[in-house]
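To start, the structure under review is shown below, and the notes come after it.
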């Protein structure tokens, strides 16, 4: 049975959790146990990076809290990185049934042990069914941190309307929530948790730099992207896609892949010819290994090709260490620029209109000069801005620091709300 409003829900949840109510605010436990869900997939370093970013935030802001990661996907690849950097982190797995019953004993135990459930950063409320299960089984409080919420169905509204807080990773989602009748001081802008990621693999990056004769701050990194991710090539059984959907996605990608990437190639050519620096072509998703030659390397002039280096698929700690030593990162994907900015490196986001409203975060943080709506942008604009960064690098570095200061200010604001809740 659902309680009538959010205030009743929180009061009831607090009572069940053994928390003393002081007026409108619950007195926080000194060492709460926080169950958080993250880790959506391992074919995208951005989706992997959400998790260590949120861990870093929670460890810094709530240092006495015990953390339990309920990982949505199971992956030795990503979990090996997490265990390396956070050896004491408890990681659990398990789905929930259609009626909201946890399907693993470790999830049931976590439901009993945890005081609060937190949904981590993502492209949507990815684990809405987990939130629903938590409410039905425990009636303890929960919150949502750093997500994009673009489409709000009646069922999603039912699930999230009792949240202690809903923090969206850009302001556009706040507008969508308001349109759906959800508003209040508990709804706020909190940048994607990837902005807080502080893990690195310096040894891997150093070896790559040495092997490819790169010089610190004398190379750039570029990341391709198709308009729609071809998940049918990545996931088993064609990701359940119909032949019609596969054809539609392929036709869209084929239409735009050359016009989009020709603009980035022009900037790469100008960069090489002006600076004689190298260009590292990197993947943010696994499928990009299959398109980087076609879209960013093979069409280049012969005098530029010797300056091109390819990177294989990797983990975000490795990417963080390489981006930290680059002069700039230019990406059609959203999260490589975040990882770059977090490590003090100028970053360009070449935004395709299919890439959801999440791109608003760059405008929200003061990075509009480095955000290029690709259909309204020509190659010269990207090229000129890149050469400006090269010519006045100290100013570019200052711009990154200002953006990251804006990130921290937003985190400070929302963790005031978190502190009143947990």
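Numbering (the UniProt record's numbering), first residue to last: 1 to 422.
Where is the CB? At the ideal position from N, CA and C, for every residue including glycine.
For the alpha helix (DSSP H) that contains residue i, what are its first and last residues?
i: residue 60; result: 45 to 61
i: residue 281; result: No alpha helix (DSSP H) contains residue 281, which is instead part of the beta strand (DSSP E) from 278 to 281.
i: residue 335; result: 335 to 342
i: residue 384; result: 379 to 391
i: residue 208; result: 202 to 211
Roughly how many angstroms lie between the CA atoms of residue i and residue j, to the nearest whole one?
i: residue 69; j: residue 304; result: 45 angstroms
i: residue 332; j: residue 93; result: 32 angstroms
i: residue 124; j: residue 197; result: 20 angstroms
i: residue 306; j: residue 275; result: 14 angstroms
i: residue 240; j: residue 387; result: 44 angstroms
i: residue 220; j: residue 297; result: 14 angstroms
i: residue 96; j: residue 122; result: 19 angstroms
i: residue 87; j: residue 185; result: 36 angstroms
i: residue 373; j: residue 353; result: 7 angstroms
i: residue 235; j: residue 355; result: 20 angstroms
i: residue 258; j: residue 292; result: 12 angstroms
i: residue 321; j: residue 209; result: 10 angstroms
i: residue 381; j: residue 393; result: 18 angstroms
i: residue 358; j: residue 72; result: 21 angstroms
i: residue 218; j: residue 55; result: 32 angstroms
i: residue 24; j: residue 243; result: Caution applies to residue 24, whose pLDDT of 29 falls short of 50 and renders its modelled position unreliable; the value that the coordinates give is listed next. Spanning the two alpha carbons is a distance of roughly 54 angstroms.
i: residue 348; j: residue 211; result: 26 angstroms
i: residue 62; j: residue 245; result: 45 angstroms
i: residue 249; j: residue 285; result: 17 angstroms
i: residue 399; j: residue 368; result: 11 angstroms
i: residue 14; j: residue 116; result: The pLDDT assigned to residue 14 is 41, lower than 50, so where the model puts this residue is not dependable; a value taken from the coordinates is nonetheless given after this. For residue 14 and residue 116, the distance between alpha carbons rounds to 10 angstroms.
i: residue 346; j: residue 315; result: 20 angstroms
i: residue 38; j: residue 202; result: 25 angstroms
i: residue 147; j: residue 403; result: 19 angstroms
i: residue 410; j: residue 302; result: 46 angstroms
i: residue 47; j: residue 272; result: 31 angstroms
i: residue 137; j: residue 267; result: 54 angstroms
i: residue 187; j: residue 161; result: 11 angstroms
Ends of the beta strand (DSSP E) at residue i?
i: residue 360; result: From DSSP, residue 360 is part of no beta strand (DSSP E) but of the alpha helix (DSSP H) over 360 to 364.
i: residue 373; result: 371 to 373
i: residue 222; result: 219 to 223
i: residue 310; result: 308 to 310
i: residue 90; result: 90 to 92
i: residue 328; result: 328 to 331
Let me check one thing: in DSSP terms, what residues is residue i bridge-paired to?
i: residue 168; result: 147 and 189
i: residue 33; result: 66
i: residue 350; result: 372
i: residue 122; result: 147
i: residue 96; result: 102
i: residue 117; result: 35 and 142
i: residue 71; result: 38
i: residue 285; result: 44
Let me confirm a value: residue i is counted as buried when at least 16 other C-beta atoms fall within 10 Å, else exposed. Which label applies?
i: residue 385; result: buried
i: residue 317; result: buried
i: residue 327; result: buried
i: residue 195; result: buried
i: residue 343; result: buried
i: residue 76; result: exposed
i: residue 44; result: buried
i: residue 112; result: exposed
i: residue 173; result: buried
i: residue 229; result: buried
i: residue 408; result: exposed
i: residue 30; result: exposed
i: residue 278; result: buried
i: residue 79; result: buried
i: residue 375; result: exposed
i: residue 64; result: exposed
i: residue 265; result: buried
i: residue 179; result: exposed
i: residue 52; result: buried
i: residue 74; result: exposed
i: residue 170; result: buried
Check whether the Cβ atoms of residue i and residue j sit closer than 9 angstroms, and answer yes or no.
i: residue 144; j: residue 182; result: no
i: residue 135; j: residue 159; result: yes
i: residue 340; j: residue 323; result: yes
i: residue 142; j: residue 414; result: no
i: residue 32; j: residue 422; result: yes
i: residue 295; j: residue 269; result: no
i: residue 255; j: residue 290; result: no
i: residue 423; j: residue 224; result: Here the chain covers residues 1 to 422 and nothing more, so residue 423 does not appear.
i: residue 128; j: residue 156; result: yes
i: residue 175; j: residue 132; result: no
i: residue 337; j: residue 311; result: no
i: residue 89; j: residue 67; result: yes
i: residue 214; j: residue 329; result: no
i: residue 50; j: residue 193; result: yes
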